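**Q**
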Amino acid sequence: MPYRAPVSEFRFLFDHVIGFDQVAATERFSEATAETVEAVLGEAGKLCEEILAPLQRAGDLHPAQLENGIVRTSPGFADGYRAIGDGGWIAIAADPQYGGMGLPMTMTTAVNDMMSAACLSLQLAPLMTQGQIEALENHASDALKELYLPKLISGEWMGTMNLTEPQAGSDVGALTTKAVPNGDGTYAITGQKIYISWGDNDITENVCHLVLARLPDAVPGTKGISLFLVPKRIPDENGAPGVGNSLKVVSLEHKMGLHGSPTAVMQYDGATGWLVGEESDGMRAMFTMMNNARLGVGVQGIGVADRAYQQALAYAEGRKQGRTENNTITDHADVRRMLATMKADTFAARAIALANAVAIDMETATGHADWAARAALLTPITKAFGTETGIDVAELGVQVHGGMGFIEETGAAQYSRDVRVTAIYEGTNGIQSMDLVGRKLMDGGEAAYRLLDEIEAEAEAARTELGDLAEAVWQACETLRETTEWMVAHGAQDRFAGSVPYLRGFARVLGAHFHLKAARADRGGTHERLAAFYIHSLLPEHIGLLTQARQGADELYALSLDDLAA
Numbered sequence: 053m054p055y056r057a058p059v060s061e062f063r064f065l066f067d068h069v070i071g072f073d074q075v076a077a078t079e080r081f082s083e084a085t086a087e088t089v090e091a092v093l094g095e096a097g098k099l100c101e102e103i104l105a106p107l108q109r110a111g112d113l114h115p116a117q118l119e120n121g122i123v124r125t126s127p128g129f130a131d132g133y134r135a136i137g138d139g140g141w142i143a144i145a146a147d148p149q150y151g152g153m154g155l156p157m158t159m160t161t162a163v164n165d166m167m168s169a170a171c172l173s174l175q176l177a178p179l180m181t182q183g184q185i186e187a188l189e190n191h192a193s194d195a196l197k198e199l200y201l202p203k204l205i206s207g208e209w210m211g212t213m214n215l216t217e218p219q220a221g222s223d224v225g226a227l228t229t230k231a232v233p234n235g236d237g238t239y240a241i242t243g244q245k246i247y248i249s250w251g252d253n254d255i256t257e258n259v260c261h262l263v264l265a266r267l268p269d270a271v272p273g274t275k276g277i278s279l280f281l282v283p284k285r286i287p288d289e290n291g292a293p294g295v296g297n298s299l300k301v302v303s304l305e306h307k308m309g310l311h312g313s314p315t316a317v318m319q320y321d322g323a324t325g326w327l328v329g330e331e332s333d334g335m336r337a338m339f340t341m342m343n344n345a346r347l348g349v350g351v352q353g354i355g356v357a358d359r360a361y362q363q364a365l366a367y368a369e370g371r372k373q374g375r376t377e378n379n380t381i382t383d384h385a386d387v388r389r390m391l392a393t394m395k396a397d398t399f400a401a402r403a404i405a406l407a408n409a410v411a412i413d414m415e416t417a418t419g420h421a422d423w424a425a426r427a428a429l430l431t432p433i434t435k436a437f438g439t440e441t442g443i444d445v446a447e448l449g450v451q452v453h454g455g456m457g458f459i460e461e462t463g464a465a466q467y468s469r470d471v472r473v474t475a476i477y478e479g480t481n482g483i484q485s486m487d488l489v490g491r492k493l494m495d496g497g498e499a500a501y502r503l504l505d506e507i508e509a510e511a512e513a514a515r516t517e518l519g520d521l522a523e524a525v526w527q528a529c530e531t532l533r534e535t536t537e538w539m540v541a542h543g544a545q546d547r548f549a550g551s552v553p554y555l556r557g558f559a560r561v562l563g564a565h566f567h568l569k570a571a572r573a574d575r576g577g578t579h580e581r582l583a584a585f586y587i588h589s590l591l592p593e594h595i596g597l598l599t600q601a602r603q604g605a606d607e608l609y610a611l612s613l614d615d616l617a618a
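Quick note on our numbering: the sequence shown kicks off at 53 and runs consecutively.
(1) For the alpha helix (DSSP H) containing V356, name the first residue and the last one.
(2) Rounded to whole angstroms, what's the CA-CA distance from R285 to A499? Just pull it up for me.
(3) Ends of the alpha helix (DSSP H) at Y55?
(4) Could you spell out where the beta strand (DSSP E) holding R266 opens and where it closes?
(5) Going along the chain, which residues of its own chain have a beta-carbon closer than 6 Å to the beta-carbon of N481, five neighbours each way excluded?
(6) What do you reckon, are the CB atoms on I404 and A559 nearer than 9 Å?
(7) In the DSSP output, which residue or residues are listed as bridge partners for T380?
(8) Let me know if S612 comes out buried or exposed under the rule of 16 or more other beta-carbons within 10 Å of its beta-carbon.
(9) Thinking C-beta only, is L310 closer than 9 Å to L176?
(10) Quickly, what does DSSP pair A323 with across the bridge? List them, please.
(11) Say whether the segment 334-352 touches the segment 449-469, bearing in mind that this needs 3 or more beta-carbon pairs closer than 8 Å, one atom from each stretch.
(12) Measuring alpha carbon to alpha carbon, tell me which of G334, F548, G111, G563 ends up nearest L504.
(13) I believe V75 touches D252 by the beta-carbon criterion, under 8 Å. Please report the beta-carbon distance rounded to the nearest angstrom.
(14) Is the CB-CB distance between D413 and F81 below 9 Å?
(15) What are the uninterrupted segments assigned as alpha helix (DSSP H) that are 4 or more residues long and contained completely in the segment 109-160, given in chain order?
(16) Tell me which residue opens and which closes the beta strand (DSSP E) that V301 is part of.
(17) Could you please give the first and the last residue of the uninterrupted alpha helix (DSSP H) stretch that includes F399?
(18) Which one or two residues does DSSP pair with F585 in a beta bridge?
(19) Taking the alpha-carbon positions, what's the V471 to A541 distance?
(20) Quickly, what does DSSP pair F280 with across the bridge? List them, please.
(21) Return yes when the Cβ of F399 is within less than 9 Å of the Cβ of A570, no when it is not.
(22) Any heavy atom of the ligand ADP inside 8 Å of the beta-carbon of H579?
(23) Cβ of K492 within 9 Å of Cβ of P432?
(24) Let's test the definition: count the other Cβ atoms within 10 Å of the Cβ of T229 and tell me whether it reaches 16, buried, or not, exposed.
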């Protein structure tokens, strides 16, 4: 079915829910007026509906292929990526000095949401490039910026991120890729990297790899890692792609989904690279890109959720069955429950992601530490809850289709297959939850408590209008506050044992907060009715989740490996 870009929903969220007015009121983002937002979102929506969405099935049915060392992309992807680049959609938030628009990350987030819904396999390409642009803007030398940023921003060149190695997995500090100085300011990079999204293509003139590697005298672990920019083709004296570098695609992974996105095993054999940032400071530079990507990956899940919901709703409205008011399965209670859950959770996850982006923009505009802490706190929640929402909603979409959901021709299963990896890459969701209860609570919970204070203040303000809904949100926030206090008071092992349910419980309460704000802005309308469903039917999950989060690690580790094998 045709994809409909939810431009009006974004405008509602911007105007009434996430506080985008704060961003537009800053000097840094004064150009982000209502008219600009409307124009940007409207044009991006047209791109997604008319050009990108028709490529969704082509990428699944005709995967990227490695032929004689060259990656051949899916039919139509070259034109789709060219349209993304030509429209400036890669670089909405990038520095205007190098060709970017310089607009807020909140707007980029909305556009990435729509592009993910339209064609996730293709959207991965600009997402990786966006992250590389941000890393170079913040850490690269002026010479590297001047050479690479305009090409990446225009879409002429594409960027990737090379972290994972076969023996290391999520333990980045165990990487063995070597970087040896060449004596001329460049380095010889040798090693193998796996799971490299869009590791090569036949779309752009050049592919620029950000590669983590270790210098000969570097200390062990993550503190000894440096970051290098390693292009597929070494730019000549005019900045054009010149001779081929000493790197190659060994193979492409055979994946459960995302068939249109080439996931490469990359081999570097003394490839020429340039240091980004300082020696042994690679993780700090790479985390600039990774944090960008974690927000972006959470948004990928949300976009797929929206697309899966739209298709499931259209199918249900057309599926005749029974003698009911509409004579369709939409009249059946379980189908109505699934559709309502899909819509309500997608709204909650989207609001969390956009609020995360607002915090990033406010940090950029003001430099205030509280906004930096808010952005850091919301990033793991956005990534984990956004991707889990994508997985859950896509699975419900298959169920709404019934037997036809299991038939590939309907396309319902593709959403489920494509989105599943989002809970794994850019740091598994378990790692996100450990980050939340670890680094993000190292301030004694201050950033979390400030957010909880805002949630309770909103609930207090809503009591006279939406009494039972406001009371439910206030009570849920108190339970979350008590659980946060428990987390702060306990050791790492106990916190980690309960981190996954804690993160989801936190997201449940945050989602209720944003639904309540939406209800206040749309009294008697769709958003009030949707908020009532979310708060009464989905929010109660927080009780079990936060109870589980406080159980500690003793019983978990009392189970021996023999017990688990029995």
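Cβ coordinates follow ideal geometry from the N, Cα and C atoms, glycine included. None of these values were measured; they are calculated from a predicted model.
**A** Let me spell this out:
(1) Taking the first residue of the sequence shown as position 1, residue 356 is located at position 304. Residues 334-370.
(2) Indexing the sequence shown from 1 puts residue 285 at position 233. Indexing the sequence shown from 1 puts residue 499 at position 447. If I take the Cα positions, the gap works out to 45 Å.
(3) If you number the sequence shown from 1, residue 55 lands on position 3. Y55 -> no alpha helix (DSSP H), and no H or E assigned at all.
(4) Against the sequence shown, residue 266 aligns to sequence position 214. Segment 258-266, the beta strand (DSSP E) holding R266.
(5) For this step, residue 481 is matched to residue 429 along the sequence shown. Excluding sequence neighbours, N481 sits near A436, A475.
(6) Looking up residue 404 in the sequence shown gives position 352. Looking up residue 559 in the sequence shown gives position 507. Yes, these two residues count as a Cβ contact at 9 Å.
(7) On the sequence shown, residue 380 is found 328 positions in, with the first residue counted as 1. T380 is bridged to K372.
(8) Along the sequence shown, read from residue 1 onward, the residue named residue 612 stands at position 560. S612 comes out exposed.
(9) Indexing the sequence shown from 1 puts residue 176 at position 124. Indexing the sequence shown from 1 puts residue 310 at position 258. Cβ atoms of L176 and L310: closer than 9 Å.
(10) Sequence index remark: in the sequence shown, residue 323 carries index 271 (1-based). Looking at the DSSP assignment, A323 forms a beta bridge with I241.
(11) no
(12) Locating residue 504 in the sequence shown gives position 452, counting from the first residue. The option with the nearest alpha carbon to L504 is G563.
(13) What you label residue 75 is simply residue 23 of the sequence shown in a count that begins at 1. What you label residue 252 is simply residue 200 of the sequence shown in a count that begins at 1. Not quite, the Cβ-Cβ distance comes to about 37 Å (not below 8 Å), so this is no contact.
(14) Indexing the sequence shown from 1 puts residue 413 at position 361. Indexing the sequence shown from 1 puts residue 81 at position 29. Yes.
(15) 129-138
(16) In the sequence shown, counting from the first residue as 1, residue 301 sits at position 249. Run containing V301: 299-304, per the beta strand (DSSP E) assignment.
(17) Within the sequence shown, the letter at position 347 stands for residue 399. Where F399 is concerned, the enclosing alpha helix (DSSP H) stretches over 385-418.
(18) Taking the first residue of the sequence shown as position 1, residue 585 is located at position 533. None; F585 has no bridge partner.
(19) Here residue 471 refers to the residue found at position 419 of the sequence shown. Here residue 541 refers to the residue found at position 489 of the sequence shown. About 36 Å.
(20) Translated into the one-based positions of the sequence shown, residue 280 becomes position 228. In DSSP, F280 forms a bridge with V263, L327.
(21) Numbered from 1 along the sequence shown, position 518 holds the residue referred to as residue 570. Numbered from 1 along the sequence shown, position 347 holds the residue referred to as residue 399. Yes, these two residues count as a Cβ contact at 9 Å.
(22) Only the bare structure without any ligand can be found here, which leaves the ligand ADP out of the picture.
(23) Reading the sequence shown from its first residue, position 440 is the one you call residue 492. Reading the sequence shown from its first residue, position 380 is the one you call residue 432. Against a cut-off of 9 Å, the Cβ pair of P432 and K492 comes out as a contact.
(24) Residue mapping note: residue 229 aligns to position 177 of the sequence shown, counting from 1. Result: buried.
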